[in-house]
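In the UniProt record's numbering, the protein residues as written are 1 to 234. Positions of the beta carbon are idealized from the N, C-alpha and C atoms, including for glycine. The structure appears right after this line, and notes come after that.
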C-alpha cells in the first residue's frame with residue numbers, strides 16, 4: 001500500500017477548475033452541507049445542480065487566485081485560497097456565474113448560502129483569527145470514494161501546512177462531517193466552534209426534516225507552531 005509520504009501531489013491554477021469540479025462534485029455527493037444547500041430542489045435535479053454549484057464556486061476561487069492541488073492523478077483534490085483572497089469578491093461574482101446558480105436555487109437557497117452559511121462561518125473565523133487578515137483557507141478538500149483510506153486528503157493538508165509554516169501563517173477550514181473533523185484534529189487543527197445549519201428544518205445528513213437537529217459544521221484553525229505536534233501524532 002502506498003504511504004502518505006509516497007503520495008504524488010501536483011498544483012496548478014484556474015486551468016484546473018473543471019477537473020477539480022468534476023472530482024469534488026462526486027466526492028461531496030453525500031456531504032451534509034451540500035445536501036442541505038440543495039435539498040429544496042427535486043431529487044432529479046440535485047445531481048446536475050451539485051455539479052453546477054461546484055463549477056461556479058471553483059470558478060470564483062480560480063478567478064481569485066486559488067491553487068488546485070491534486071493527489072495521485074486526481075484521486076483526491078484540495079482547493080486553497082491564499083492570504084488576502086476571497087471567493088466572494090464582488091468583482092468576480094458575476095463572471096463566476098454565481099448569480100445564475102443562486103437564481104435557480106430560489107430564495108431559500110440564496111438565504112442558506114449567502115446569509116446562513118457565510119455569516120455563521122465568518123463569525124467563527126473572526127473569533128479564531130482575531131481579525132487577522134492574512135491566512136490560508138482550505139476551500140475544499142475531497143477524495144473519490146474508491147480511493148479513500150489511503151491518506152490522500154491527509155497528504156494534501158500536510159502539504160498546505162508546510163506551505164503555511166514557511167510563511168508563518170495560520171490555516172482555516174470548515175469540517176462538514178464528523179469523520180473529517182476527527183481527521184483534521186489528528187493533523188493538528190483546533191476546533192474553534194460548532195456551527196449548526198438548518199436547525200428545525202434539516203436532518204444531520206442535510207435532508208429536509210421538520211423539527212430536525214440540523215447540520216453540524218466545525219470551524220477549525222491550525223497555527224504554524226503546531227506543526228511539530230501534528231507530526232508527533234502521525
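- Per-residue DSSP class, three states only, for residue 21: As a working mapping, residue 21 is identified with position 21 in the chain shown. Looking at residue 21 - three-state DSSP - the assignment turns out to be helix.
- Is residue 203 helix, strand or coil when you go by DSSP? Position 203 of the chain shown, counting from 1, holds the residue named residue 203. Three-state DSSP puts residue 203 in coil, outside helix and strand.
- Please go through the same chain and pick out, in chain order, the residues whose beta-carbon is closer than 7 Å to the beta-carbon of residue 89, but skip the five residues on each side of it. Working through the chain shown from its first residue, we reach residue 89 at position 89. Same-chain partners within the cutoff: 64.
- Exposed or buried, residue 143, counting other C-beta atoms within 10 Å across all chains shown (16 or more means buried)? Along the chain shown, one-based indexing puts residue 143 at 143. It is buried - the Cβ of residue 143 has at least 16 other Cβ atoms within 10 Å.
- Query: Which whole-angstrom value is the C-beta distance of residue 120 and residue 195, which I expect to be below 8 Å?
  - Reply: On the chain shown, position 120 is the one that residue 120 refers to. On the chain shown, position 195 is the one that residue 195 refers to. Sure, about 5 Å apart at Cβ, within 8 Å.
- Task: Would you mind stating whether residue 58 and residue 10 have Cβ atoms separated by less than 8 Å?
- Result: For the purposes of this step, residue 58 is identified with residue 58 of the chain shown, where counting begins at 1. For the purposes of this step, residue 10 is identified with residue 10 of the chain shown, where counting begins at 1. Their beta carbons are not under 8 Å apart, which means residue 58 does not touch residue 10 by this criterion.
- Task: List the DSSP bridge partners of residue 141.
- Result: Taking the first residue of the chain shown as 1, we reach residue 141 at position 141. Paired residue(s): 78.
- Just the Cα atoms here: how many angstroms apart are residue 163 and residue 95? Reading the chain shown from its first residue, position 163 is the one you call residue 163. Reading the chain shown from its first residue, position 95 is the one you call residue 95. Cα to Cα, the separation comes out at about 29 Å.
- To the nearest angstrom, report how far apart residue 181 and residue 158 are at their CA atoms. Position 181 of the chain shown, counted from the start, is the residue given in the question as residue 181. Position 158 of the chain shown, counted from the start, is the residue given in the question as residue 158. Near 15 Å, if we compare the C-alpha coordinates of residue 158 and residue 181.
- Message: Among the candidates 185, 141, 46 and 50, whose CA atom is the shortest distance from the CA of residue 67?
- Response: By one-based count along the chain shown, residue 67 stands at place 67. Among 185, 141, 46 and 50, the Cα nearest to that of residue 67 belongs to 141.
- Query: Does the count of Cβ pairs from the stretch 16-33 and the stretch 67-84 closer than 8 Å reach three?
  - Reply: yes
- Which ranges does the beta strand (DSSP E) cover as unbroken runs of at least 3 residues, wholly within the stretch 164-191, from first to last along the chain? 171-175
- Message: Out of 183, 217 and 28, which one is the CA nearest neighbour of residue 192?
- Response: Taking the chain shown and counting its residues from 1, the one referred to as residue 192 is at position 192. The shortest Cα separation from residue 192 among 183, 217 and 28 belongs to 217.
- Item | residue 73, DSSP secondary structure in three states | Indexing the chain shown from 1 puts residue 73 at position 73. In the structure shown, residue 73 sits in coil (DSSP, three-state: anything other than H, G, I, E or B).
- Query: Can you tell which of 178, 184 and 165 has its C-alpha closest to the C-alpha of residue 215?
  - Reply: Along the chain shown, one-based indexing puts residue 215 at 215. Residue 215 has its Cα closest to that of 178, out of 178, 184 and 165.
- Query: If we count the other Cβ atoms within 10 Å of its Cβ and call it buried at 16 or more, is residue 122 buried or exposed?
  - Reply: For the purposes of this step, residue 122 is taken as the residue at position 122 of the chain shown. Burial call: exposed.
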